[in-house]
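Read through the structure below, which is laid out as C-alpha cells, and then see the notes.
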Amino acid sequence: MTSFNLSSSRRSTDGLRLAAALMLAAAAHAQTKVTPPDGDTISLPEFSVSASGGENSWVASSSISGTRTNVPIQNLPRSIQVLTSEFLADIGADTMSDAAAFMTGVTSQGKQDAVFDNNTFTVRGMRQNRHYRDGVKEGFVGMINDNASIDRIEALRGPSSLLSGVVEPGGMINQISKRPRTKQETTVKVSVGAWEYLRTEVDVNLPVTPKFALRAVVAYQDGNSWRPWESSTRRVGFLAGSYRLSSNTILNARAETIKYEANVAIALPGIRIPTTATATSATAAPTVGNYAFGYVPEAIVPWDFNPFGPNNRRTQETFRVSGDVQHRFNDILSLRAATSWSKSDRRDLRLSGNATTIIARLLNPALGNVAGNVVADEIRWSATKDDETWDIWSYSSDLRGKFSYFGLKHEAILGLERIESRNWRDRADTPNSTSTALGAAPSNNPNALTRYKFPTAQSGALAANAFQPAWAEMTDLSRYTSPNSYVAQNVVRNAASFTNVVSTADDRWHLLAGARRDHGTNAALTGASNPVATRQQLPYENATSGTIGLLFRPWKAFSIYASSSNSFSGVPTGIDVFGNLLTKPESGKSFEFGAKTSFLDGRLGFETAVFQLNRTNTRRQLTDNEILAVLGFVPSGARSIQDNGERSRGIEGQVLFAPFRGYQISTNFSYIDAMLVSPDNRIRNGGPITGRPRSNGSFFHKYTVQSGPLKDFSFNNAVVWVDSFRADSISGTTGQVTNYIPGYIRVDLGAGYRTKIMGRSVAFTASVRNVENKQIMEGLQSKGDLRGFRLSASTKF
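Position in the sequence shown (from 1) plus 58 gives the number in our numbering.
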C-alpha cells in the first residue's frame, strides 16, 4: 500500500517559529497611545479600514487589498471597489455570489448552490476561481461562504500577485471578516421568503472590558427552490476577539464554522440563441423535429423541469481559524504578524446519465428510438462518490515603515508569507447498469442503480418528475465499489514582497511600486485509488510579480492614474508531447489608465478605467496530427502544450452618489472584449471566449423618507443587466459562434420601515427579486431564480 506523508511537523517547525519570532518582536516597544472611539474596532489604524460616510454609508475611503495596509483608495493608482456592510445589507446579499452583480467588471457564472462548483466569476473577462479571505487564498472555489461573518468585500481589479501571490489575472476578490467593536450591541434578524426560505441571524458585539471585546455571529438558513428536488441548509458560527495588550499592541483572533447540506439540480443548458436558421447547439444531438436540445419551447419542456432530480447530494463542513498581532514600535515602524488555518471537508454523491436522452424523449414520446440515442424507454444511471478535503496553513508578516524626506511621504511594506496547502480527493463509482438497448435486461450487479424510467416505459413506468429509485439508492455508500481516482497533493509556497507608496507633501503625486518573489514546491500521489497511487513530483513554481503605478491629482477632487501589473496562477497539470511535465506558470499582465473623482464633500464619487489584459501559458491538448508531426506516432494518454493565450480589452466605471439626505445611488458599467489570441485553433484566434459577456452593469438606489407621515420608510430598486454576446458554442472548423446565451435585464424592488417598539429599534423590509419573472441564464449552465419574495424583521439593542 502506497502512503503519502502529510505530517504537519515541518509546518509546525518552520511556520510556527516564524510566527512566534515575529510576535515576540512585536511586543518589544510601546510609545504612541491608541484609543479607539466608541463603536470603533480595537486595532491600529495602519491595519484597519472602515466606511467613511456615516452609519448607512455605502462609501469606503480606504482599502487593505491595495497594499495589505490601510491606504486611501483615492491615493492608489489601481482600480478598487469596496462593497460595505451597509450596502451588502441593503441589496440583501446572503453570499458573495449574490453581491457579484453589483461589482464592476464582474459577472457570476452561477450561484453558490449550483452544481459542479459554479461559484466562480469572470473579472475583466478572465475566469476567476480563486477567492480570498482576509487576504489569504481559500482552498478552492467551492469553499462555502456566508455574509453573516463578512464586514465588506473588496475587489482589486487587474493582476494582483504582488498582494496575494497565486491569483487569476482578472483580479482579486477579498472578503474581510467582521471585527469586534467597542460598543455593546446585539442584532437579531429573521427572514422568510418564497420556496420555504427561512434565515435567522444573531450578531452580538460585547466589549468585556475597555481592552477586550468579543463578537459572536450565528446564522441558520434553510429553503427549497423553484425547481423540484432542489434544497439547501446551512449553519454558521463565527467568533472574533480583540485584546489591547498595551497601548500600541493589539491581539486579534477569529474562528468560523459552516455546515452545509444541499440537494442540487443538474447544471442543464437552458435557452440558447442560434445565430443562423440552420445552426444547432453544441449539445443539440439528438434533434427532434424543429427543436434541438438547448432551445426547446417551454410548452414541451418547462423551464423548471429537473430530469435528474436531486442529482447532487452535497455535504460540506468549512472551518476557518486565524489570528494576528499588531504592534506600533514608534511613529515610523509598525508590524502585523498573522497566521491562519482553513479546512473544507466535502462529499458529493453525484448522478450521471444522459440528459439529452431525457429531454428528447419528452419532446416526442411517440418517436421511440430517437436519432442519436440508444433507447427511449429507459436509460442507465451511475453515480460518483466524490470526497475532497482541503487543509491550508498560512503565516505572514508585514513590517510597515512611514518616512518623510526631501518633501516626500514614503510608506514601505516588507512582507513575508508561507502557505502550506494539502488536498485529498478520492472518487469511486457505482457499477454501470450495463446495456440500455431496447429490451435488454437490467444489470445483475446488486450495486448497480435502477435505470431511469420514462412515463412510456414498458415496465415500471414513472410519471415525469416522479421520484426515481436511483435517487434514493445513490445515498447508499456501500454501492460505490468501482475506484475512479485518487489524488493527494502537497504544495508549499514561500514568498517575499516589498511594496512602496511614495507621495508628495501636497498629495498631488502618488507612486505605487513593488515586487514579489514566490517559490513553490508541489508533490502528489495519483492513481485510481489510494492503494495503487504512485508518487508524482510536480515542477517548482517560481514567479516574480510586480506592480508600478502613478497617480496625479491636478486638483483636490480629481485624479488620473496609469499602472502596469502582472500575476501568476500556478503551473497547470499535464505532460508535453515528449512526456515531460509542463513547467511554465500561467501568467497575466495588464496596463490600465483611469480617473477617480470625489465631489460635493465626498457625496459624489466616480471611478473609470480603460485596460488591456493578457493571459499567457495556458494549457491546451494537442491534436493527433500535431503529435504525429513531432513523434511519428500517437502515444497513450493526453499530451498538452502551453501555447494558449487570451486577451481582454475594456472600459469600466462606477458611481456612488448621495444627491440629498436619505437618497443614495450606486451604479456600475463595463464593456469588455475578451478573445483568444494564441493557437488553440488558429481559425478561432481573434474570436470570443465562451461564457464571457461584452457588457454588463447594475443600478441600485435607495431613498429613506426624512419627514412627514412616511418618515423612516425606505424604498429601493435594482436593475441588473447582462448583454446577449455570451458565446455558448463556437464552430471548430469555421470559428463562428453558432449559439449565444441570451442576455437579460433583472428588476428588483424593495421597501422598508424603521421604528421603535418598547424602546428598541426595529426594522422591517420586504423585497421582490426578478419582478418580471424572467427566465435568466446567469452562467453558461446556470439558471437564475424565478420571481421570489422575502420579508425580514430585525432589531438592534
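Ideal placement from N, C-alpha and C gives every residue a C-beta, glycine not left out.
Original post:
S756 to S517, Cα distance in whole Å?
Top reply: 52 Å
**OP:** Just the C-alpha distance for S782 and N828, rounded to the nearest angstrom, thanks.
**Re:** 18 Å
**OP:** Go to L658, then tell me how far its beta strand (DSSP E) extends in each direction, as first and last residue.
**Re:** Where L658 is concerned, there is no enclosing beta strand (DSSP E), given that its DSSP letter is neither H nor E.
**OP:** Compute the Euclidean distance between the alpha carbons of K647 and M154, then round it to the nearest angstrom.
**Re:** 26 Å
**OP:** Compute the beta-carbon to beta-carbon distance between V248 and S706, rounded to the nearest angstrom, for a pair I have assumed lies under 8 Å.
**Re:** At roughly 43 Å, the Cβ-Cβ gap does not stay under 8 Å, so V248 and S706 are not in contact.
Original post:
Helix or strand or just coil, what does DSSP make of W779?
Top reply: strand
Original post:
Beta carbon of K269, beta carbon of V224: below 8 Å?
Top reply: no
Subject >> Assigned exposure category for P717 - 16 Cβ within 10 Å defines buried >> reply: exposed
Original post:
From this set, S728, Q547, G411, A809, which residue's C-alpha is nearest F771's C-alpha?
Top reply: A809
Subject >> Whole-Å CB distance - T258 paired with A277, under 8 Å assumed >> reply: 7 Å
**OP:** Alpha carbon to alpha carbon, how far is E531 from E710? Give it in angstroms, no decimals.
**Re:** 50 Å
Original post:
Going by other Cβ atoms of all chains shown within 10 Å of its Cβ, with 16 needed for buried, is T442 buried or exposed?
Top reply: buried
Original post:
Taking the continuous alpha helix (DSSP H) assigned at E684, which residues delimit it?
Top reply: 682–689
Original post:
Is the CB-CB distance between D148 and K760 below 8 Å?
Top reply: yes
Subject >> Which of helix, strand or coil DSSP assigns to Q132 >> reply: helix
Original post:
Beta-carbon separation of R537 and N505 under 8 Å?
Top reply: yes
Original post:
Cα separation between S290 and P368?
Top reply: 11 Å
Original post:
T345 by DSSP, collapsed to three states: which one?
Top reply: Note that T345 scores a pLDDT of 48, beneath 50, so its modelled location is shaky; the value from the coordinates is reported in the next line. Looking at T345 - three-state DSSP - the assignment turns out to be strand.
**OP:** Assign N370 to one of three DSSP states: helix, strand, or coil.
**Re:** strand
Subject >> Sub-8 Å separation of T162 and Q833 beta-carbons >> reply: no
**OP:** May I ask you to report which of helix, strand or coil DSSP gives F616?
**Re:** strand
**OP:** Might you give, ordered along the chain, the residues of its own chain that have their beta carbon closer than 6 Å to the beta carbon of S479, omitting 5 neighbours on each side?
**Re:** I450, V549
Original post:
With distances taken between CB atoms, is the gap from A528 to T508 smaller than 8 Å?
Top reply: yes
**OP:** Would you tell me roughly how many angstroms separate the C-alpha atoms of T539 and Y190, rounded to the nearest one?
**Re:** 37 Å
Subject >> Counterpart residues of V225 in DSSP-defined beta bridges >> reply: Per DSSP, none; premise fails for V225.
Subject >> Assigned exposure category for R818 - 16 Cβ within 10 Å defines buried >> reply: exposed
Original post:
Identify the residues that DSSP records as bridge partners of A571: which are they?
Top reply: N558, I606
**OP:** Could you pull the start and end residues of the alpha helix (DSSP H) that W253 belongs to?
**Re:** Segment: none, W253 is in no alpha helix (DSSP H) and carries neither H nor E.
Subject >> CA-to-CA distance, F145 to I815, given in whole angstroms >> reply: 25 Å
Subject >> Cβ-based neighbour list, A653, same chain, cut-off 6 Å, excluding 5 preceding and 5 following >> reply: I618, T666
**OP:** Could you tell me if A213 is buried or exposed, where buried requires 16 or more neighbouring beta carbons within 10 angstroms of its beta carbon?
**Re:** buried
Subject >> CB contact flag (I788, T748, <8 Å) >> reply: yes
Original post:
Among the residues of its own chain, which have a CB less than 6 Å from the CB of R285, if the five just before and after it don't count?
Top reply: A323, D362, N364
Subject >> Cα-Cα separation between S235 and S106, rounded to whole angstroms >> reply: 11 Å
Original post:
Does the stretch 606–618 come close enough to the stretch 626–637 that 3 or more CB-CB pairs lie under 8 Å?
Top reply: no
Original post:
How would you call I803, buried or exposed, if buried means at least 16 neighbouring beta carbons within 10 angstroms?
Top reply: exposed
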